[in-house]
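Per full-length UniProt numbering, the sequence shown starts with residue 1, numbered consecutively.
Just so you know, even glycine gets a beta-carbon here, dropped at the ideal spot from N, CA and C.
A quick note: this is a predicted structure, and the numbers were derived from the prediction, not measured.
Report on the structure given below.
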Amino acid sequence: MFAKAFRVKSNTAIKGSDRRRLRADVAAAFPGLGTDQVSVLVPGKEELNTVKLYAHRGDAVTVYVSGGNPILFELEKNLYPTVYTLWSYPDLLPTFTTWPLVLEKLVGGADLMLPGLVVPPAGLPQVQKGDLCAITLVGNRAPVAVGIAAMSTAEMLTSGLKGRGFSMLHTYQDHLCPKGRQLDIKKSSYRKLSKFLQQMQQEQIVQVEELSKGVESIVAVDWKHPRITSFVIPEPSPTSQTIQEGSREQPYHPPDIKSLYCVPANMTLLFQESGHKKGSILEGGEVRTIIINYAKKNDLVDANNKNLVKLDPILCDCILEKNEQHTVMKLPWDSLLTRCFEKLQPAYQVSFPGQEPIVKKGKICPIDISLAQRASNKKVTVVRNLEPYGLDPCSVASILQQRCQASTTVTPAPGAKDSLQVQIQGNQVHHLSRLLLEEYRLPRKYIQGLEKAPKPAKKK
Numbered sequence: 001m002f003a004k005a006f007r008v009k010s011n012t013a014i015k016g017s018d019r020r021r022l023r024a025d026v027a028a029a030f031p032g033l034g035t036d037q038v039s040v041l042v043p044g045k046e047e048l049n050t051v052k053l054y055a056h057r058g059d060a061v062t063v064y065v066s067g068g069n070p071i072l073f074e075l076e077k078n079l080y081p082t083v084y085t086l087w088s089y090p091d092l093l094p095t096f097t098t099w100p101l102v103l104e105k106l107v108g109g110a111d112l113m114l115p116g117l118v119v120p121p122a123g124l125p126q127v128q129k130g131d132l133c134a135i136t137l138v139g140n141r142a143p144v145a146v147g148i149a150a151m152s153t154a155e156m157l158t159s160g161l162k163g164r165g166f167s168m169l170h171t172y173q174d175h176l177c178p179k180g181r182q183l184d185i186k187k188s189s190y191r192k193l194s195k196f197l198q199q200m201q202q203e204q205i206v207q208v209e210e211l212s213k214g215v216e217s218i219v220a221v222d223w224k225h226p227r228i229t230s231f232v233i234p235e236p237s238p239t240s241q242t243i244q245e246g247s248r249e250q251p252y253h254p255p256d257i258k259s260l261y262c263v264p265a266n267m268t269l270l271f272q273e274s275g276h277k278k279g280s281i282l283e284g285g286e287v288r289t290i291i292i293n294y295a296k297k298n299d300l301v302d303a304n305n306k307n308l309v310k311l312d313p314i315l316c317d318c319i320l321e322k323n324e325q326h327t328v329m330k331l332p333w334d335s336l337l338t339r340c341f342e343k344l345q346p347a348y349q350v351s352f353p354g355q356e357p358i359v360k361k362g363k364i365c366p367i368d369i370s371l372a373q374r375a376s377n378k379k380v381t382v383v384r385n386l387e388p389y390g391l392d393p394c395s396v397a398s399i400l401q402q403r404c405q406a407s408t409t410v411t412p413a414p415g416a417k418d419s420l421q422v423q424i425q426g427n428q429v430h431h432l433s434r435l436l437l438e439e440y441r442l443p444r445k446y447i448q449g450l451e452k453a454p455k456p457a458k459k460k
């Protein structure tokens with residue numbers, strides 16, 4: 001799911017009530033976690049953000065980020081742990097093992113095939129089709145992937161361990177994994193370094209001595225201790241390093257936006273002969289071809305004037321108004337096609353470089369620039385609807401703050417669900433115009449409000 005770069009829609013701090021709700025959801029989804037463990041995973045006061053994004057195939061995903069690390073992600077109301085969480089709770093999910101060389105394939109987006117499984121002496125864990133599972137590597141207890149079982153354990157064995165075993169959702173080193181993060185002892189179950197060192201010494205992993213008053217030092221480490229060797233994180237392969245490089249912020253490229261048409265219920269009969277039904281999405285060229293073929297197939301082209309098309313009952317019902325039903329018998333080709341396009345419902349397709357196209361019904365909302373008055377009659381510039389064009393409002397606000405040398409804020413857009421607006425102090429439409437048109441190269445027709453830029457002062 002995160003094998004390719006994704007598009008961030010919003011990144012907001014989570015509220016207190018939402019934290020409590022998330023804790024309840026985690027406890028319900030993973031009953032093996034105790035209350036204290038849930039409180040550590042979803043902290044009460046530490047930084048916790050909700051990141052809403054679109055995966056490269058268009059899936060809407062919510063990621064919960066704590067201390068800069070993704071800890072959970074939600075897809076279609078199902079909650080999943082990330083590998084970061086599984087490193088802290090390696091027994092949270094049933095675990096299957098594969099070979100280290102397979103990791104490179106998983107990072108690249110491949111599912112885990114059954115021939116790649118390593119069967120331990122005790123046998124495979126017992127799971128059912130659809131169960132959430134963790135994947136580890138031989139000689140390393142730390143999970144490197146999260147996936148869904150494509151069949152039960154019994155079916156795996158019956159198949160002779162052939163076929164697809166797991167649909168992968170997330171892997172170590174995919175685009176969800178940030179690079180260069182540091183571990184924070186305060187966010188662990190130990191809370192304090194002294195408690196952590198005390199526990200490690202009891203397990204004979206390290207030896208701690210007080211070399212000077214009040215200062216404890218680690219004087220020896222048992223690097224061969226099972227607790228250390230079992231949690232060695234695999235070195236990234238050249239391929240995964242290349243993939244990780246791709247997760248860095250890329251230059252913005254404007255999307256390709258294409259107008260489409262959706263077949264409404266009252267035009268179904270006109271399009272069903274060509275294999276389409278209510279709700280079918282068509283390009284303009286496809287619509288023209290279907291209408292022309294329909295007229296020719298049903299002998300509707302006027303024999304005396306090839307520029308006219310006779311209207312049969314189906315065409316009459318589709319494109320004529322009630323007061324025209326008994327008066328309009330023929331239409332020119334251009335008029336017929338124009339009326340058909342007007343009766344179809346609008347839709348559009350947005351394609352970002354390297355991602356699957358996103359198709360939606362309705363008309364795409366243009367980026368809206370407006371001016372508003374705030375306290376003390378101060379004027380501010382407000383920008384809405386940046387997200388459909390692949391623009392992160394927080395990034396745009398940061399750029400404008402530097403360009404305009406003015407304060408900026410990002411707030412929820414009134415009346416728009418899951419959408420943010422950027423507010424900049426003063427009339428900054430000129431700066432917005434240069435940013436959107438010249439640097440981001442967005443077509444002018446998708447931006448409204450550019451005419452509100454301040455007029456140049458008249459020369460005296």
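Cut-off 6 Å between Cβ atoms - residues of its own chain near residue i, not counting five sequence neighbours on either side
i: Leu22; result: Val42
i: Ser247; result: Residue placement at Ser247 is flagged as unreliable, the pLDDT there being 36, under the threshold of 50; the coordinate-derived value follows with that caveat. So the qualifying residues of the chain are His175.
i: Ser237; result: Legend: pLDDT at Ser237 = 39, less than 50; position of this residue unreliable, value from coordinates given subsequently. Once the five neighbours on either side are set aside, the close Cβ partners of Ser237 are Glu104.
Simplified DSSP state of residue i, which is helix, strand or coil
i: Arg248; result: With a pLDDT of 37 at Arg248, under the threshold of 50, the modelled position of this residue cannot be trusted; read the value that follows with caution. It is coil, neither helix nor strand.
i: Phe96; result: strand
i: Asp334; result: helix
i: Asn11; result: strand
i: Lys45; result: coil
i: Lys363; result: coil
i: Phe30; result: coil
i: Pro115; result: helix
i: Pro346; result: strand
i: Phe2; result: coil
i: Asn78; result: strand
i: Pro388; result: helix
i: Gln272; result: helix
i: Pro238; result: Confidence in Pro238 is poor, its pLDDT being 40 and thus under 50, which makes the residue's placement too unreliable to answer from.
i: Ile369; result: strand
i: Gly147; result: strand
Outcome for residue i when other beta-carbon atoms lying within 10 angstroms are tallied against a minimum of 16
i: Arg384; result: buried
i: Gly147; result: buried
i: Lys379; result: exposed
i: His253; result: exposed
i: Val338; result: Reading off the sequence, residue 338 comes out as Thr, not Val. Exposed, by the Cβ-count rule.
i: Leu315; result: buried
i: Gln423; result: buried
i: Ser159; result: exposed
Residue i beta carbon near the ligand PLP (any heavy atom closer than 7 Å)
i: His170; result: Within the structure as shown, the ligand PLP is missing, as the structure has no ligands at all.
The beta strand (DSSP E) enclosing residue i, as first and last residue numbers
i: His430; result: His430 -> not in any beta strand (DSSP E); alpha helix (DSSP H) instead, spanning Val429 to Ser433.
i: Glu168; result: Note on residue identity: the sequence assigns Met, not Glu, to residue 168. That run of the beta strand (DSSP E) goes Arg164 to Thr171.
i: residue 469; result: Given that the chain is displayed from residue 1 to residue 460, the structure contains no residue 469 and the question cannot be resolved.
Close Cβ partners of residue i (< 8 Å) along its chain, the five nearest in sequence each way excluded
i: Gly130; result: Ile148 and Ala149
i: Thr95; result: Pro125, Cys133, Ala134, Ile135, Thr136 and Pro143
i: Cys318; result: Asn266, Met267, Leu269, Leu270, Cys340 and Lys343
i: Lys363; result: Pro346 and Tyr348
i: Asp25; result: Leu79
Residues near residue i by beta carbon distance below 7 Å, same chain, minus five either side
i: Val8; result: Val51, Leu53 and Asp392
i: Lys162; result: Leu114 and Pro115
i: Lys310; result: Leu300, Asp302, Met329 and Lys330
i: Gln325; result: Cys316
Continuous alpha helix (DSSP H) stretch holding residue i: start and end
i: Tyr446; result: Taken as a continuous stretch (DSSP letters only), Tyr446 belongs to no alpha helix (DSSP H), as it is neither H nor E.
i: Asp317; result: Pro313 to Ile319
i: Ala154; result: Thr153 to Thr158
Note to self: Count Cβ pairs between the stretch 93-112 and the stretch 167-174 that sit closer than 8 Å; are there 3 or more?
What the structure shows: yes
Notebook entry, point to check: Quick check: the stretch 224-231 against the stretch 67-76, are there 3 or more CB pairs under 8 Å?
Noted result: no
Check: Do the stretch 31-45 and the stretch 439-448 touch if we need at least three Cβ pairs shorter than 8 Å?
Finding: no
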